[in-house]
Amino acid sequence: DAWSFGATDPNSGTAMMLTLAEAIGELVKNGEAPARSIMIGHWDAEEQGVIGSTEWVEQYQKELGAKAVTYMNFDGGVSGRNFGVSSAPTLKNLIIEASKEVAYPDSAKTVFQVWAGKNDEPKIGNLGGGSDHIAFYMHVGVPSLSGGVGGPTAYHSNYDNFNYYSKFVDPSFKMGGTVAQVIGILTLRLANAEVIPYDVPRYAQDLRGHFDNAVKNVKTIAPDFSTFDQVDVAIKKLEVSSASFEAARDAALSSNKLKKGKIKKINKGLLALEKSWIDPKGMYYGSWYRSLYVSTDPFSGYASWILPGIQYEVEIKSTDRLEEWDTRYANAILDLSNKVDKLTKTIK
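First residue of the sequence shown: 2, per this note's numbering; consecutive thereafter.
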């Protein structure tokens, strides 16, 4: 079975995770066990360089690479009343849809409505550093998200105690249960779907915006720079591949004609998609960071670097390797596109 993950640091998110674990346990007792395994972890040594989760991921990286559907991280998961998430592209639509199913406490709105406000889609951030998703997402290539509810907080201070929580963070003690509901729905949908419900077209959609930003950033050090030519061609191919896959998948699921053997093959292919970003050569500032898509900012340790190979060149004000990165990124995108094409052929 593929795995779905949840984890937390020892803070206000702990109660939320225990609530989620208890709810899943009740499902099992009632004969409604999830189809895939759900592992709930509580990491040691997060503050000491994210040691606990990193060592665990390095030990089990082959199994994780082959079987892990997603990793979900809740560091300070209940620290206020403002719902928010940072996520890999393939999980964004899933968390949005789950948020539409849960009522926001003390209101007549859903979590989605409060989260999105007047926008058609809520803002979903890009995963950065500083917590336990790093090794899963940036070293092994497991689609990941990090989220919860935040607000004015005394996190990591002498005032971070029950009295502060009960007066300022969540006086009605409803937000932990709310987050557990949203994440529980998301977790069960990932665990029970016959075909893993990744949003594959979101890769190309997000990449288009990220490379537009990358070009703007490069222009700050090389005003005459125009575009990453190879990448532009690759993204166009990925857009076509992803649209074809989505149409074929939706048609196959609606007709209910996919057999178990074919479903297993499709899911294996879906698990391989994120690995297109994992480059054994890694980054020039540290080869342990192997994802071409995202990395911790090596200078701050916390910020998110999207397309980190290019971002590093901008930060050190060098244009020497821009052509190399055009090729490396284009190859990764084409590899992803080819995998998507194979999935479409498998479905048909």
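No residue lacks a Cβ here, since even glycine has one placed at the ideal position from N, Cα and C.
Residue i - DSSP class collapsed to helix/strand/coil
{"i": "Phe137", "result": "helix"}
{"i": "Arg329", "result": "helix"}
{"i": "Asp342", "result": "helix"}
{"i": "Gly142", "result": "coil"}
{"i": "Trp116", "result": "helix"}
{"i": "Ile311", "result": "helix"}
{"i": "Thr320", "result": "coil"}
{"i": "Ala3", "result": "Low per-residue confidence applies at Ala3: pLDDT is 41, beneath 50, and the placement is therefore not dependable enough to give any value."}
{"i": "Val58", "result": "helix"}
{"i": "Ile350", "result": "Outside the shown range of the chain (2 to 349) lies residue 350, about which nothing can therefore be said."}
{"i": "Gly126", "result": "strand"}
{"i": "Ala22", "result": "helix"}
{"i": "Ser167", "result": "helix"}
{"i": "Ser292", "result": "strand"}
{"i": "Ala104", "result": "strand"}
{"i": "Val180", "result": "helix"}
{"i": "Ala99", "result": "helix"}
{"i": "Gly53", "result": "helix"}
{"i": "Asp336", "result": "helix"}
{"i": "Ala16", "result": "helix"}
{"i": "Lys30", "result": "helix"}
Cβ-based burial, residue i [other Cβ within 10 Å; buried from 16]
{"i": "Ile52", "result": "exposed"}
{"i": "Asp213", "result": "exposed"}
{"i": "Phe300", "result": "exposed"}
{"i": "Glu275", "result": "buried"}
{"i": "Thr55", "result": "buried"}
{"i": "Ser319", "result": "exposed"}
{"i": "Pro153", "result": "exposed"}
{"i": "Asn164", "result": "exposed"}
{"i": "Asn83", "result": "exposed"}
{"i": "Gly142", "result": "buried"}
{"i": "Ala205", "result": "buried"}
{"i": "Gly1", "result": "Here the chain covers residues 2 to 349 and nothing more, so residue 1 does not appear."}
{"i": "Val79", "result": "buried"}
{"i": "Met40", "result": "exposed"}
{"i": "Gly310", "result": "buried"}
{"i": "Tyr303", "result": "exposed"}
{"i": "Val219", "result": "buried"}
{"i": "Gly81", "result": "buried"}
{"i": "Asp321", "result": "exposed"}
{"i": "Ser88", "result": "buried"}
Those residues which DSSP pairs with residue i across a bridge
{"i": "Asn83", "result": "Gly151"}
{"i": "Gly287", "result": "Met284"}
{"i": "Ser305", "result": "Thr297"}
{"i": "Thr91", "result": "None; Thr91 has no bridge partner."}
{"i": "Ala67", "result": "Its beta-bridge partners do not exist; DSSP assigns none."}
{"i": "Thr188", "result": "For Thr188, which the question treats as bridged, DSSP gives no partner whatsoever."}
{"i": "Thr111", "result": "Ala104"}
The ligand NAD heavy atom lying under 8 Å from the CB of residue i
{"i": "Val216", "result": "With respect to the ligand NAD, the structure offers nothing, as it holds no ligand at all."}
Short CB-CB distance (under 9 Å) between residue i and chain B
{"i": "Ser80", "result": "Looking for chain B here will not work: only one protein chain is present."}
Count the CB pairs spanning the segment 278-289 and the segment 255-268 that are closer than 8 Å, and state whether there are at least three. no
Ordered list of alpha helix (DSSP H) runs contained in the segment 191-274, each at least 4 residues: 203-220, 230-256 and 261-274
Would you check if the segment 115-132 and the segment 218-225 touch, i.e. whether three or more CB-CB distances between them fall below 8 Å? Touching, no.
With a cut-off of 8 Å, do at least 3 Cβ pairs link the segment 166-177 to the segment 187-205? no
Evaluate the contact criterion for the segment 228-245 versus the segment 97-116: three or more CB pairs, one atom per stretch, below 8 Å. Segments in contact, no.
Taking contact to mean at least 3 C-beta pairs separated by less than 8 Å, is the segment 313-328 in contact with the segment 158-172? no
May I ask you to verify whether the segment 235-242 touches the segment 296-312, counting CB pairs closer than 8 Å and requiring at least 3? Contact annotation: the segment 235-242 does not touch the segment 296-312, with fewer than three C-beta pairs closer than 8 Å.
Looking at C-beta atoms only, is the number of pairs between the segment 86-100 and the segment 178-190 that lie closer than 8 Å three or more? With a cut-off of 8 Å, the segment 178-190 and the segment 86-100 count as touching, because enough Cβ pairs lie within range.
Quick check: the segment 72-85 against the segment 133-149, are at least 3 beta-carbon pairs closer than 8 Å? A contact exists between the segment 133-149 and the segment 72-85.
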